[in-house]
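The block underneath contains the structure these notes are about, expressed in C-alpha coordinates.
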Amino acid sequence: MGVYVSLDKGSRWHALPYGLPSTFVHDLVIHPRDDIMVAATHGRGMFAFDVRQLQQLTTEIVATASHMFEPESGVLALGNGRGRSNTSAAQSAYVHYWLNEQAEVSLEIEDNRGQMVNILEASGDPGLHAVEWTLERLGSDQGGRGAGFSGRSDLVQPGEYTVILSVNDAEHRMPLRVSRRQP
1 MGVYVSLDKG SRWHALPYGL PSTFVHDLVI HPRDDIMVAA THGRGMFAFD VRQLQQLTTE
61 IVATASHMFE PESGVLALGN GRGRSNTSAA QSAYVHYWLN EQAEVSLEIE DNRGQMVNIL
121 EASGDPGLHA VEWTLERLGS DQGGRGAGFS GRSDLVQPGE YTVILSVNDA EHRMPLRVSR
181 RQP
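Have a look at this one:
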(Lines of atoms letter the chains of each structure in order from A; the text may use other names.)
(Lines give C-alpha, C1' and ligand atoms only; values in the text may rest on other atoms or scores of the structure.)
Protein backbone atom coordinates (compact mmCIF):
# COMPACT_ATOMS: atom_id res chain seq x y z
CA MET A 1 0.00 0.00 0.00
CA GLY A 2 1.25 3.50 -0.76
CA VAL A 3 3.82 4.37 -3.42
CA TYR A 4 7.37 3.06 -3.47
CA VAL A 5 10.36 3.79 -5.68
CA SER A 6 13.49 1.79 -6.48
CA LEU A 7 16.70 3.23 -7.92
CA ASP A 8 18.56 -0.07 -8.16
CA LYS A 9 16.27 -2.21 -10.31
CA GLY A 10 14.24 -3.49 -7.38
CA SER A 11 16.96 -4.47 -4.89
CA ARG A 12 15.80 -1.80 -2.40
CA TRP A 13 12.49 0.03 -2.24
CA HIS A 14 11.76 3.37 -0.55
CA ALA A 15 8.34 4.69 0.42
CA LEU A 16 7.58 8.11 -1.04
CA PRO A 17 7.33 10.83 1.60
CA TYR A 18 5.06 13.90 1.57
CA GLY A 19 2.30 12.59 3.83
CA LEU A 20 0.89 9.97 1.48
CA PRO A 21 -1.01 7.58 3.77
CA SER A 22 -0.60 3.83 3.67
CA THR A 23 -3.56 3.14 1.39
CA PHE A 24 -4.30 1.53 -1.94
CA VAL A 25 -3.17 3.72 -4.85
CA HIS A 26 -5.06 3.06 -8.07
CA ASP A 27 -3.41 5.49 -10.47
CA LEU A 28 -0.30 7.66 -10.78
CA VAL A 29 0.12 10.50 -13.25
CA ILE A 30 3.02 12.95 -13.58
CA HIS A 31 2.02 16.36 -14.91
CA PRO A 32 4.42 17.00 -17.83
CA ARG A 33 4.79 20.76 -17.29
CA ASP A 34 4.93 21.01 -13.50
CA ASP A 35 6.60 17.70 -12.52
CA ILE A 36 3.81 17.06 -10.03
CA MET A 37 2.83 13.46 -9.38
CA VAL A 38 -0.83 12.90 -8.61
CA ALA A 39 -1.79 9.69 -6.81
CA ALA A 40 -5.43 8.58 -6.84
CA THR A 41 -6.29 6.47 -3.79
CA HIS A 42 -8.93 3.87 -3.03
CA GLY A 43 -10.88 6.30 -0.85
CA ARG A 44 -11.25 8.71 -3.77
CA GLY A 45 -8.53 10.89 -2.31
CA MET A 46 -5.94 12.65 -4.43
CA PHE A 47 -2.43 13.48 -3.31
CA ALA A 48 -0.09 15.67 -5.31
CA PHE A 49 3.61 16.13 -4.73
CA ASP A 50 6.66 17.51 -6.50
CA VAL A 51 8.82 14.77 -8.03
CA ARG A 52 11.75 16.92 -9.19
CA GLN A 53 13.97 15.75 -6.32
CA LEU A 54 12.93 12.16 -6.92
CA GLN A 55 13.94 12.57 -10.56
CA GLN A 56 17.34 13.92 -9.43
CA LEU A 57 17.90 11.07 -6.98
CA THR A 58 20.66 8.87 -8.39
CA THR A 59 22.41 5.76 -7.11
CA GLU A 60 25.42 8.01 -6.30
CA ILE A 61 23.27 10.25 -4.07
CA VAL A 62 21.61 7.25 -2.43
CA ALA A 63 25.07 5.83 -1.63
CA THR A 64 26.11 9.01 0.25
CA ALA A 65 25.30 9.49 3.93
CA SER A 66 23.35 12.69 3.20
CA HIS A 67 22.54 15.05 0.36
CA MET A 68 20.69 18.37 0.21
CA PHE A 69 18.97 19.34 -3.03
CA GLU A 70 18.70 22.95 -4.20
CA PRO A 71 15.99 24.57 -2.04
CA GLU A 72 12.81 25.89 -3.63
CA SER A 73 12.47 29.67 -3.30
CA GLY A 74 9.72 31.34 -1.31
CA VAL A 75 7.46 34.18 -2.45
CA LEU A 76 5.93 36.74 -0.10
CA ALA A 77 2.50 38.20 -0.68
CA LEU A 78 2.11 41.94 -1.05
CA GLY A 79 2.29 43.47 2.44
CA ASN A 80 0.26 46.12 4.15
CA GLY A 81 3.12 48.64 4.19
CA ARG A 82 4.08 47.94 7.82
CA GLY A 83 6.40 45.01 7.11
CA ARG A 84 3.69 42.42 7.63
CA SER A 85 2.13 40.02 5.17
CA ASN A 86 -0.69 37.53 5.24
CA THR A 87 0.97 34.13 5.75
CA SER A 88 -1.84 32.32 3.95
CA ALA A 89 -1.03 34.21 0.72
CA ALA A 90 2.73 33.54 0.89
CA GLN A 91 4.28 30.71 -1.11
CA SER A 92 6.42 28.64 1.27
CA ALA A 93 10.01 27.68 0.55
CA TYR A 94 10.93 23.99 0.61
CA VAL A 95 14.10 22.16 1.58
CA HIS A 96 14.59 18.61 0.29
CA TYR A 97 17.25 16.22 1.52
CA TRP A 98 18.24 12.56 1.44
CA LEU A 99 19.52 10.42 4.33
CA ASN A 100 21.01 6.99 3.74
CA GLU A 101 20.56 5.92 7.37
CA GLN A 102 19.20 7.18 10.69
CA ALA A 103 21.01 10.37 11.71
CA GLU A 104 20.99 13.36 14.05
CA VAL A 105 19.62 16.20 11.92
CA SER A 106 19.08 19.93 12.38
CA LEU A 107 17.86 22.44 9.82
CA GLU A 108 18.38 26.18 10.21
CA ILE A 109 17.79 29.27 8.10
CA GLU A 110 20.20 32.23 8.34
CA ASP A 111 19.89 35.70 6.85
CA ASN A 112 22.64 37.40 4.84
CA ARG A 113 24.25 38.69 8.08
CA GLY A 114 24.60 35.16 9.49
CA GLN A 115 21.79 35.66 12.00
CA MET A 116 19.55 32.66 12.64
CA VAL A 117 16.04 33.34 11.31
CA ASN A 118 14.35 30.00 11.97
CA ILE A 119 14.94 26.42 13.07
CA LEU A 120 12.84 23.91 11.14
CA GLU A 121 11.72 20.49 12.30
CA ALA A 122 13.64 17.89 10.30
CA SER A 123 13.45 14.11 10.40
CA GLY A 124 16.51 11.93 10.90
CA ASP A 125 14.85 8.86 9.38
CA PRO A 126 16.42 7.31 6.27
CA GLY A 127 14.95 8.37 2.93
CA LEU A 128 13.90 11.46 0.98
CA HIS A 129 12.53 14.37 3.02
CA ALA A 130 10.70 17.62 2.27
CA VAL A 131 10.57 20.40 4.87
CA GLU A 132 8.34 23.45 4.47
CA TRP A 133 9.47 26.89 5.63
CA THR A 134 6.47 29.22 5.80
CA LEU A 135 8.85 32.23 5.65
CA GLU A 136 8.15 33.05 9.30
CA ARG A 137 10.77 34.23 11.75
CA LEU A 138 11.59 32.08 14.76
CA GLY A 139 8.97 32.59 17.48
CA SER A 140 6.53 34.50 15.27
CA ASP A 141 3.75 31.94 15.83
CA GLN A 142 3.49 32.67 19.55
CA GLY A 143 0.60 35.11 19.29
CA GLY A 144 0.43 38.81 19.98
CA ARG A 145 0.91 41.64 17.49
CA GLY A 146 -1.80 40.31 15.22
CA ALA A 147 -0.61 36.71 14.89
CA GLY A 148 -3.72 35.31 16.57
CA PHE A 149 -7.01 35.20 14.71
CA SER A 150 -5.97 37.57 11.94
CA GLY A 151 -3.67 34.99 10.34
CA ARG A 152 -0.80 37.47 10.23
CA SER A 153 2.69 36.79 11.44
CA ASP A 154 6.21 38.20 11.30
CA LEU A 155 7.55 37.10 7.95
CA VAL A 156 11.09 37.57 6.70
CA GLN A 157 11.95 40.28 4.21
CA PRO A 158 12.76 39.53 0.56
CA GLY A 159 16.40 38.63 0.09
CA GLU A 160 19.04 35.93 0.18
CA TYR A 161 19.09 33.35 2.97
CA THR A 162 21.21 30.30 3.72
CA VAL A 163 19.83 26.85 4.50
CA ILE A 164 22.07 24.88 6.86
CA LEU A 165 21.42 21.15 7.08
CA SER A 166 23.54 19.46 9.76
CA VAL A 167 23.66 15.67 9.58
CA ASN A 168 25.71 14.07 12.36
CA ASP A 169 29.10 15.79 11.87
CA ALA A 170 28.52 16.94 8.26
CA GLU A 171 27.10 20.30 7.24
CA HIS A 172 25.40 21.22 3.96
CA ARG A 173 24.86 24.92 3.07
CA MET A 174 22.83 26.24 0.17
CA PRO A 175 21.40 29.63 -0.77
CA LEU A 176 17.66 30.21 -0.74
CA ARG A 177 15.94 33.24 -2.24
CA VAL A 178 12.79 34.90 -0.92
CA SER A 179 11.12 37.36 -3.28
CA ARG A 180 7.98 39.49 -3.17
CA ARG A 181 5.02 38.69 -5.44
CA GLN A 182 4.68 41.29 -8.18
CA PRO A 183 1.40 43.25 -8.30
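Last residue of the sequence shown: 183 in our numbering, with the numbers rising by one and none dropped. Positions of the beta carbon are idealized from the N, C-alpha and C atoms, including for glycine.
Nearest in C-alpha terms to F69, of all of V51, L78, P32, is V51. Residue pairing by DSSP places W98 opposite H67, L128 in a beta bridge. Contact annotation, G127 with E104: C-beta distance approximately 16 Å; criterion of less than 8 Å not satisfied. Boundaries for R12: no alpha helix (DSSP H) harbours it, and the DSSP string shows neither H nor E there. Non-local beta-carbon contacts of E110 in its own chain, meaning distances under 7 Å to residues more than five positions away in sequence, involve M116, V117, Y161, T162, I164 in chain order. The Cβ atoms of H172 and H129 do not sit closer than 9 Å to each other. Comparing C-alpha distances from W133 to each of V25, L176, D34 shows the shortest one belongs to L176. For R113, the three-state secondary structure derived from DSSP is coil.
Contact between S73 and N100 does not hold, since their C-beta atoms are separated by about 27 Å, which reaches or exceeds 8 Å. DSSP places R52 in no beta strand (DSSP E) but in the uninterrupted alpha helix (DSSP H) bounded by 52 to 56. In this structure, the CA atom of V167 is about 35 Å from the CA atom of G45.
Closest option to T41, judged by alpha-carbon separation, among F49, T23, A89, E121: T23. Residues of the same chain with a CB within less than 7 Å of the CB of A93, apart from the 5 flanking positions on each side, are P71, E72, S73, G74, W133, L135, L176, V178 in chain order. Around the beta carbon of W98, a 10 Å sphere encloses 16 or more other beta carbons of the protein chains shown; the residue is thus reported as buried. Here DSSP, grouped into helix, strand and coil, assigns A90 to coil.
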